[in-house]
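A.B. asks: Going down the list, the protein sequences come from chains A and B.
Under our numbering, the first residue of the first sequence carries the number 422, and numbering increases by one thereafter.
Under our numbering, the first residue of the second sequence carries the number 91, and numbering increases by one thereafter.
Quick reminder that beta carbons are idealized off the backbone N, C-alpha and C, glycines included.
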Amino acid sequence: DQQVKQNSPSLSVQEGRISILNCDYTNSMFDYFLWYKKYPAEGPTFLISISSIKDKNEDGRFTVFLNKSAKHLSLHIVPSQPGDSAVYFCAARGSSNTGKLIFGQGTTLQVKP
Amino acid sequence: EPEVTQTPSHQVTQMGQEVILRCVPISNHLYFYWYRQILGQKVEFLVSFYNNEISEKSEIFDDQFSVERPDGSNFTLKIRSTKLEDSAMYFCASRSGQTYGYTFGSGTRLTVV
Chain A
422 DQQVKQNSPS LSVQEGRISI LNCDYTNSMF DYFLWYKKYP AEGPTFLISI
472 SSIKDKNEDG RFTVFLNKSA KHLSLHIVPS QPGDSAVYFC AARGSSNTGK
522 LIFGQGTTLQ VKP
Chain B
91 EPEVTQTPSH QVTQMGQEVI LRCVPISNHL YFYWYRQILG QKVEFLVSFY
141 NNEISEKSEI FDDQFSVERP DGSNFTLKIR STKLEDSAMY FCASRSGQTY
191 GYTFGSGTRL TVV
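Now the structure itself:
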């Protein structure tokens, strides 16, 4: 089941620069997308989401962009901070009404001071 | 901030033994979930629970697995006869009916030996 894919297992950026994390999906029935951040030994923490009827959602340093025609979304973090170093998961809400989320494999972000 | 609480944080069990993983969701949430993450792999959906019954389950959630909400506050996942391949982090999550984003617990690391 590869409905949500994060093709970059890791990303390293300098503090203060932009981090761009990418996610692709295959199921056009997904109607809601979310980004979660995860530190070791903790559960995923919700960051930001976007409905499929929008193409951008911004919350402070975090912006999510959705390109429905390309079935692609991205998370931009500007400016990146060392505390942002974590694993970032993209997730899509399944087509059922249960709220099931389908996760990508995750991208490990390292922000260097 | 309200939290989802999971106990124990780490459980080691012998193959073939039964285990019960416990979760206390956020009190006014209505939807409850179990996910798991095998080391190095993606977070996978196991089961969703709403209105005191299972609303959806994955193919992983076979007859060895069961869930219960015995007293209106706890939400448990039982694995009847554990196998080596059940070793994973198990995450409980809950959400209100108002949003699509979940709150995850910190997880239980299950090690089957």
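Identify every run of the beta strand (DSSP E) within the stretch 470–503 of chain A, keeping only runs that are complete inside it and at least 3 residues long; order them along the chain.
C.D. replies: 477–480, 483–488 and 493–498, all fully within the stretch 470–503 of chain A.
A.B. asks: State the beta-bridge partners of B:Arg-112 as determined by DSSP.
C.D. replies: Translated into positions along the second sequence, residue 112 of chain B becomes position 22. The partner list for B:Arg-112 (beta bridge, DSSP) reads B:Thr-97 and B:Thr-166.
A.B. asks: Just verifying my parser: in three-state terms, what is the DSSP assignment at A:Glu-436?
C.D. replies: Against the first sequence, residue 436 of chain A aligns to sequence position 15. Here A:Glu-436 sits in coil by DSSP.
A.B. asks: Which partner residues of B:Glu-143 appear in the DSSP bridge assignment?
C.D. replies: Position 53 of the second sequence, counting from 1, holds the residue named residue 143 of chain B. Bridge partners of B:Glu-143: B:Tyr-140.
A.B. asks: Around the C-beta of B:Tyr-125, are 16 or more other C-beta atoms found within 10 angstroms, so that it is buried, or is it exposed?
C.D. replies: Within the second sequence, the letter at position 35 stands for residue 125 of chain B. Buried.
A.B. asks: Taking a Cβ distance cut-off of 8 Å, strictly less, list which residues of the stretch 480–509 of chain A are near chain E, in chain order.
C.D. replies: Checking the listed chains, one finds no chain E in this structure; the protein chains it contains are A and B.
A.B. asks: Assuming A:Arg-438 and A:Ser-501 make a contact with CB atoms under 8 Å, what is their CB distance in whole Å?
C.D. replies: Within the first sequence, residue 438 of chain A is the residue found at index 17, counting from 1. Within the first sequence, residue 501 of chain A is the residue found at index 80, counting from 1. That pair is a contact at about 6 Å.
A.B. asks: Counting only C-beta atoms, is B:Glu-91 closer than 8 Å to chain A at any point?
C.D. replies: Position 1 of the second sequence, counting from 1, holds the residue named residue 91 of chain B. Judged by the 8 Å Cβ criterion, B:Glu-91 is not in contact with chain A.
A.B. asks: Buried or exposed: which applies to B:Gln-127, given that a residue is buried once 16 or more other Cβ atoms fall within 10 Å of its Cβ?
C.D. replies: Here residue 127 of chain B is taken as the residue at index 37 of the second sequence, counted from 1. Result: buried.
A.B. asks: Using the Cα positions of B:Val-203 and A:Gly-515, report the straight-line distance between them to the nearest angstrom.
C.D. replies: On the second sequence, position 113 is the one that residue 203 of chain B refers to. On the first sequence, position 94 is the one that residue 515 of chain A refers to. If you take the alpha carbons of B:Val-203 and A:Gly-515, they lie about 34 Å apart.
A.B. asks: Between the C-alpha atoms of B:Lys-132 and A:Ser-440, what's the straight-line distance to the nearest angstrom?
C.D. replies: As a first step, residue 132 of chain B is located in the second sequence; it is residue number 42 there, counting from the start. As a first step, residue 440 of chain A is located in the first sequence; it is residue number 19 there, counting from the start. Roughly 21 Å between the two C-alpha positions.
A.B. asks: Below 8 Å between beta carbons: does that hold for B:Gln-96 and B:Gly-191?
C.D. replies: On the second sequence, residue 96 of chain B is found 6 positions in, with the first residue counted as 1. On the second sequence, residue 191 of chain B is found 101 positions in, with the first residue counted as 1. Not in contact: B:Gln-96 and B:Gly-191 (Cβ atoms no closer than 8 Å).
A.B. asks: Under 8 Å between C-beta atoms, does A:Gln-531 make it to chain B?
C.D. replies: The sequence position of residue 531 of chain A within the first sequence is 110, counting from 1. No, A:Gln-531 lies away from the interface with chain B (no Cβ there is under 8 Å from its Cβ).
A.B. asks: Would you check if the distance between the CB atom of B:Thr-201 and the CB atom of B:Ser-177 is smaller than 8 Å?
C.D. replies: Here the question's residue 201 of chain B lines up with position 111 in the second sequence. Here the question's residue 177 of chain B lines up with position 87 in the second sequence. Taking 8 Å as the Cβ cut-off, B:Thr-201 and B:Ser-177 qualify as a contacting pair.
A.B. asks: Please check if any C-beta of chain B sits within less than 8 Å of the C-beta of A:Glu-463.
C.D. replies: In the first sequence, residue 463 of chain A corresponds to position 42, counting from 1. It does; some Cβ of chain B falls within 8 Å.
A.B. asks: What does the Cβ neighbour count give for B:Met-218, buried or exposed, with the cut at 16 atoms within 10 Å?
C.D. replies: Because chain B in this structure spans residues 91 to 203, residue 218 of chain B falls outside the shown range and cannot be described.
A.B. asks: On the CB-based measure, 16 or more other CB atoms within 10 Å of its CB, does B:Gln-107 come out buried or exposed?
C.D. replies: For the purposes of this step, residue 107 of chain B is taken as residue 17 along the second sequence, with counting starting at 1. With fewer than 16 other Cβ atoms within 10 Å, it is exposed.
A.B. asks: Can you tell me the Cα-Cα spacing of B:Leu-174 and A:Thr-466, whole angstroms?
C.D. replies: The sequence position of residue 174 of chain B within the second sequence is 84, counting from 1. The sequence position of residue 466 of chain A within the first sequence is 45, counting from 1. Their Cα atoms are separated by approximately 28 Å.
A.B. asks: Within 8 Å (strictly less), CB to CB, does B:Gly-162 reach chain A?
C.D. replies: Sequence index remark: in the second sequence, residue 162 of chain B carries index 72 (1-based). With 8 Å as the cut-off, B:Gly-162 does not count as an interface residue toward chain A.
A.B. asks: Judging by CA-CA distance, which residue of B:Thr-172, B:Gln-188, B:Arg-159 and B:Thr-189 is the nearest neighbour of B:Arg-112?
C.D. replies: The count along the second sequence starts at 1 and reaches residue 112 of chain B at position 22. That would be B:Arg-159, whose Cα lies nearest to the Cα of B:Arg-112.
A.B. asks: Taking the straight line between their C-alpha atoms, what separation do you get for B:Phe-206 and A:Asp-480?
C.D. replies: For chain B, the structure presents residues 91 to 203; residue 206 of chain B sits outside this window and is missing.
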